[in-house]
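Just so it is clear: in the sequence shown, position 83 is 82 by numbering that gives the first Met the number 0, and no numbers are missing.
Scroll down for the structure; my scribbles are underneath it.
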Amino acid sequence: MNLHLLVPALFWPDPALPEIYRDLPLPGLENLLAKCSVTENKPEGIEAWLCRAFGAAKQQDWPVAPITLQTDGGEDGEAIKTEKSHWIRADPVHLRLERDHILLADSHVFHISLEEARQFTGLLNRHFSANQGINLFPLRPDRWYLRLLEPTLPHTHLLSEAVNRDIRNKLPFGANNTFWRSLINEVQMLLHEHPLNQTREARGELAINSVWFWGGGTLPESLVSPYTHVWSNEVLAVSLASACNIDYAPLPVDATVWEASVRTGRHLVVLDELQGRAQYRDAYGWRESIKEMERRWFDPLWRMLRRGQFDEITLTAPGESSDKSFTATRSDSRKFWRRPRPILAYGK
């Protein structure tokens, strides 16, 4: 059996805070990494990594929107899911001005209901559909889709690249960027005046005052999975597995439950709960989450490797400065001279 763990933000992204690793007991993870060979590549983000792994070539962007549409559309969305349509995600976000920066917050830090999403997009659709043919589909509360009648997609940045960042240099670029930036400005003015945002702010909630366009393209003609099973709560991973007609399931509560469900095959397990903590520089939350991962996943998996239950185990850790991959085979677990090092040594 082969296992591939995908763990974005496994290492804290700010090298100026090495004390985040102080008194952080992670023996399972440290033992596991000690037995691995490591490769390091330029950072590309979890969405790009998943697309590349399943053979989805980059178009103007990584075609996240048409892929996740296959899952988010469901039975009610069959009428809008046509193979040749051009789609782009238009996810609701909150922007705030901080000194000379415009920072973006996504649904990691605010809640939006499906009814609210429908009210917001209803206003936008009534405004734009008459003269620009723009129609937004709020298929999930925090995942909205825009279908384009003409292939005028811009180049964009992944939402994960914009979270808690200054967005001024991350706006759409390339062909028709003037149209897209004007569209963003118009959307912001309409949302700013929406009574629902006044209600949200009165409740102490963040206003939904913009959308983030990203992940545009058409559905890839063919996708190929290197895995036989995918275990994830992440919509892109699930959508890619579904498109490849392979088995997929929600992430089990821990490695012990997962172990009881599998015997053979090539498995992808996506552990993405650290990513939001790291993006928002929530040091306490990140520490607590990785300690819980150690208990539920890393320590049990290390014990499984020692018992010879894996032919190969790989851990890929996409990060802001680089993507690191660690791989160990069954025989590597017996290499006693590869002694564990503190996790800080890998995160530099």
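Every residue, glycine too, gets a C-beta built ideally from N, C-alpha and C.
If you're wondering where the values come from, they're calculated on a predicted model, not measured in any experiment.
task = Leaving aside the five residues before and after H154 along the sequence, list all residues of the same chain whose C-beta is less than 6 Å from its C-beta, in chain order.
result = Q59, F172 and G173
ask   = How close, in whole Å, do the beta carbons of V269 and L250 come, if the pair is a contact with beta carbons under 8 Å?
value = 7 Å
ask   = Looking at C-beta atoms only, is the number of pairs between the segment 289-301 and the segment 177-190 that lie closer than 8 Å three or more?
value = no
ask   = Is it the case that the Cβ atoms of I166 and D141 are separated by a distance below 8 Å?
value = no
query = Are A316 and F10 closer than 8 Å when you measure CB to CB?
reply = yes
ask   = Where does F172 sit, in a helix, a strand or coil, going by DSSP?
value = strand
ask   = Leaving out five residues before and five after L348 in sequence, what residues of the same chain have Cβ atoms less than 6 Å from its Cβ?
value = No answer is possible for residue 348: it lies beyond the span of the chain, which begins at 0 and ends at 347.
ask   = In three-state DSSP terms, what is G44?
value = helix
key: Enclosing beta strand (DSSP E) for E311 [first to last residue]   = E311 to P317
key: Bridge partner(s) assigned by DSSP for S238   = Per DSSP, none; premise fails for S238.
inquiry  = Whole angstroms are fine: how far does the CA of D271 sit from the CA of I207?
reply    = 24 Å
message = Taking the beta carbon of N196 as the centre, do at least 16 other beta carbons fall within 10 Å, making it buried, or is it exposed?
response = buried
key: Inside the segment 227-289 only - alpha helix (DSSP H) runs reaching at least 4 residues   = 234-242, 254-260 and 272-278
message = On the DSSP letters alone, give me the boundaries of the beta strand (DSSP E) that A104 sits inside.
response = H100 to A104
query = Fully enclosed by the segment 94-162, which alpha helix (DSSP H) runs are 4 residues long or longer?
reply = 113-131 and 158-161
Buried or exposed by the 16-neighbour rule on C-beta atoms within 10 Å, applied to F350 = No statement about residue 350 is possible, as the shown extent of the chain runs from 0 to 347 and does not include it.
Residue nearest to P62 in terms of C-alpha spacing, selected from V37, H3, H156 and P91 = H156
ask   = Can you find at least 3 beta carbon pairs, one from the segment 95-106 and one from the segment 28-36, that sit closer than 8 Å?
value = no
query = Nearest-angstrom Cα distance between H3 and E220?
reply = 25 Å
message = Output needed for M292: all residues of its chain with C-beta closer than 7 Å, excluding positions within five of it in sequence on either side, in chain order.
response = L270
task = Determine which residues share a DSSP beta bridge with K360 and list them.
result = No statement about residue 360 is possible, as the shown extent of the chain runs from 0 to 347 and does not include it.
query = Near I245, what residues of its chain come up, given a Cβ to Cβ distance below 8 Å and the 5 sequence neighbours on each side ignored?
reply = S224, Y226, T227, H228 and V229
key: Status (buried if at least 16 other CB within 10 Å, exposed otherwise) for W336   = exposed
key: Proximal residues to N176 (C-beta, below 6 Å), its chain only, five neighbours per side dropped   = P153
Given R295 as reference, the closest of V252, T198 and A8 once Cα atoms are compared = V252
Unbroken beta strand (DSSP E) run spanning L343, endpoints = No beta strand (DSSP E) holds L343; the alpha helix (DSSP H) holding it covers L343 to G346.
inquiry  = Just to confirm my understanding: we take E311, look at its own chain, exclude 5 residues before and 5 after, and list those with CB closer than 6 Å. What are they?
reply    = N1 and T328
ask   = Going by alpha carbons, who is nearest to L304 out of T326, A64 and A89?
value = T326
request  = Mind checking who G216 pairs with in its DSSP beta bridge?
outcome  = W86
task = Below 6 Å CB to CB, which residues in the same chain sit around E233 once its five sequence neighbours on both sides are set aside?
result = V269 and D271
query = Between the C-alpha atoms of L68 and K334, what's the straight-line distance to the nearest angstrom?
reply = 46 Å
task = With DSSP as the reference, label D165 as helix, strand or coil.
result = strand
query = From what residue to what residue does the alpha helix (DSSP H) around L304 run?
reply = D298 to R305
query = Are I87 and L147 closer than 8 Å when you measure CB to CB?
reply = yes
inquiry  = Let me confirm a value: Q131 is counted as buried when at least 16 other C-beta atoms fall within 10 Å, else exposed. Which label applies?
reply    = exposed
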